[in-house]
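Data first, discussion second: the structure below is written as structure tokens.
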Amino acid sequence: MDTDLALSWVRAVAAAMAQHEERLTQLDSAIGDADHGTNMRRGFATVVTALDDRPPGSAADLLTSTGHLLVSGVGGAAGPLYGSAFRALGRALATPDADLATALAAALDAARELGAAAPGDKTMIDAFAPAVDAFARRTAAGDDLPAAADAAAEAAERGARDTIPLQARRGRAAYLGPRSVGHQDPGAASTALLFRALADAAARSETTR
Numbered sequence: 011m012d013t014d015l016a017l018s019w020v021r022a023v024a025a026a027m028a029q030h031e032e033r034l035t036q037l038d039s040a041i042g043d044a045d046h047g048t049n050m051r052r053g054f055a056t057v058v059t060a061l062d063d064r065p066p067g068s069a070a071d072l073l074t075s076t077g078h079l080l081v082s083g084v085g086g087a088a089g090p091l092y093g094s095a096f097r098a099l100g101r102a103l104a105t106p107d108a109d110l111a112t113a114l115a116a117a118l119d120a121a122r123e124l125g126a127a128a129p130g131d132k133t134m135i136d137a138f139a140p141a142v143d144a145f146a147r148r149t150a151a152g153d154d155l156p157a158a159a160d161a162a163a164e165a166a167e168r169g170a171r172d173t174i175p176l177q178a179r180r181g182r183a184a185y186l187g188p189r190s191v192g193h194q195d196p197g198a199a200s201t202a203l204l205f206r207a208l209a210d211a212a213a214r215s216e217t218t219r
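See below:
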């Protein structure tokens, strides 16, 4: 991943969070604090403004900076979770011979460790884990970045939908017990937006070459 693609991705995420702010907030109002959409929109808007003011020199620096900004700029649990994921992503890309599949796996591990969540707990991990798995499988099979990213986005979207029948075992929603069943997890929904933004940015990058 080069710097232009990383910046395009972050901008696409910010646009998606702004576009879907109301839907994310509605999802969160059912099983959370009704602030996820607002927090995600505000946090990524802050990231874009900061990156415009001081453009990083590499994709690794850009994504690491994004993580730091999200920790301080996104309220609730989402800030630390997304922030730790982006910081891990940036650090992984800074290592020699790093590839995006490995970096995404590092991001997943960071979010999973911080949230103490596993697939099936009705959290962002239910979208993040299948997306990372799909991306790794497609790149290992020789697919290019747009195809692998699109597969990851589809897997994340399925994972987000699959949280609807689950009972939450982590986070604010866990306090609702059986009442959390029947609602899509807002963190999984925003994670699906993140991976769809990556697919869109990768597709645009390919057409401009």
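Numbering-wise (the working numbering), the sequence shown opens with residue 11 and increments by one.
Beta carbons: idealized from backbone N, C-alpha and C, even for Gly.
Next on the checklist: Contact defined as beta carbons within less than 8 angstroms: I believe GLY47 pairs with LEU34. What is the distance between those atoms, to the nearest angstrom?
Outcome noted: The residue labelled residue 47 in the question sits at position 37 within the sequence shown. The residue labelled residue 34 in the question sits at position 24 within the sequence shown. The Cβ separation is near 3 angstroms, so the contact holds.
Taking C-beta to C-beta, are ALA16 and LEU73 nearer than 8 angstroms? As a working note, residue 16 is residue 6 in the sequence shown. As a working note, residue 73 is residue 63 in the sequence shown. Yes.
Assign GLY152 to one of three DSSP states: helix, strand, or coil. For the purposes of this step, residue 152 is taken as residue 142 along the sequence shown, with counting starting at 1. If DSSP states are grouped into helix, strand and coil, GLY152 belongs with coil.
Inset, instruction - Could you tell me whether the stretch 76-84 touches the stretch 186-202, using the rule of 3 or more Cβ pairs below 8 angstroms? - result: no
Cα-Cα separation, ALA178 to SER190 = Along the sequence shown, read from residue 1 onward, the residue named residue 178 stands at position 168. Along the sequence shown, read from residue 1 onward, the residue named residue 190 stands at position 180. Whole-angstrom Cα-Cα distance: 6 angstroms.
- Query: Of all the options THR149, PRO90, THR13, which has the alpha carbon lying nearest to the alpha carbon of MET50?
  - Reply: Position 40 of the sequence shown, counted from the first residue, corresponds to residue 50. Checked all of THR149, PRO90, THR13; the closest Cα to MET50 is PRO90.
- Burial state of ASP143 (16 or more Cβ within 10 Å): Sequence index remark: in the sequence shown, residue 143 carries index 133 (1-based). Buried, since its Cβ has 16 or more Cβ neighbours within 10 Å.
*Give a yes or no on whether the C-beta atoms belonging to ALA165 and ALA209 are separated by under 8 angstroms.*
Translated into positions along the sequence shown, residue 165 becomes position 155. Translated into positions along the sequence shown, residue 209 becomes position 199. No.
By how many angstroms is the C-alpha of ASP107 removed from the C-alpha of ALA26? Locating residue 26 in the sequence shown gives position 16, counting from the first residue. Locating residue 107 in the sequence shown gives position 97, counting from the first residue. Roughly 31 angstroms separates the two Cα atoms.
When we look at the beta-carbon of GLY197 and count the other beta-carbons within 10 Å, is it buried (16 or more) or exposed?
Residue mapping note: residue 197 aligns to position 187 of the sequence shown, counting from 1. Per the 10 Å Cβ criterion, buried.
Notebook entry, point to check: When the Cα atoms are used, what is the spatial distance from ALA146 to GLY67?
Noted result: As a working note, residue 146 is residue 136 in the sequence shown. As a working note, residue 67 is residue 57 in the sequence shown. So the alpha carbons of these two residues sit roughly 27 angstroms apart.
Among the residues of its own chain, which have a CB less than 8 angstroms from the CB of ALA157, if the five just before and after it don't count?
Along the sequence shown, read from residue 1 onward, the residue named residue 157 stands at position 147. The answer, listed in chain order, is ARG148.
Short Cβ contact (8 angstroms threshold) for ALA113 with ALA128 = For the purposes of this step, residue 113 is taken as the residue at position 103 of the sequence shown. For the purposes of this step, residue 128 is taken as the residue at position 118 of the sequence shown. No, they are not a contact pair.
Start-end ranges of the alpha helix (DSSP H) lying completely within the stretch 111-173, minimum 4 residues: 135-150, 155-171
| When we look at the beta-carbon of GLU123 and count the other beta-carbons within 10 Å, is it buried (16 or more) or exposed? | One-based indexing of the sequence shown puts residue 123 at position 113. Exposed.
Practice item. For the alpha helix (DSSP H) containing ARG10, list its first residue and its last residue. Key: Only positions 11 to 219 of the chain appear in the structure, and residue 10 is not among them; the question remains open.
Those runs of the beta strand (DSSP E) which lie wholly inside the stretch 65-102 and span at least 3 residues: none
Notebook entry, point to check: Shortest alpha-carbon distance to SER94 belongs to which of GLY181, ALA115, ASP109, THR105?
Noted result: The residue you call residue 94 lines up with position 84 of the sequence shown. The residue with the shortest Cα to Cα distance from SER94 is ALA115.
Between the alpha carbons of PRO65 and ALA55, how many angstroms are there, rounded? Here residue 65 is taken as the residue at index 55 of the sequence shown, counted from 1. Here residue 55 is taken as the residue at index 45 of the sequence shown, counted from 1. The alpha-carbon of PRO65 is positioned some 15 angstroms away from that of ALA55.
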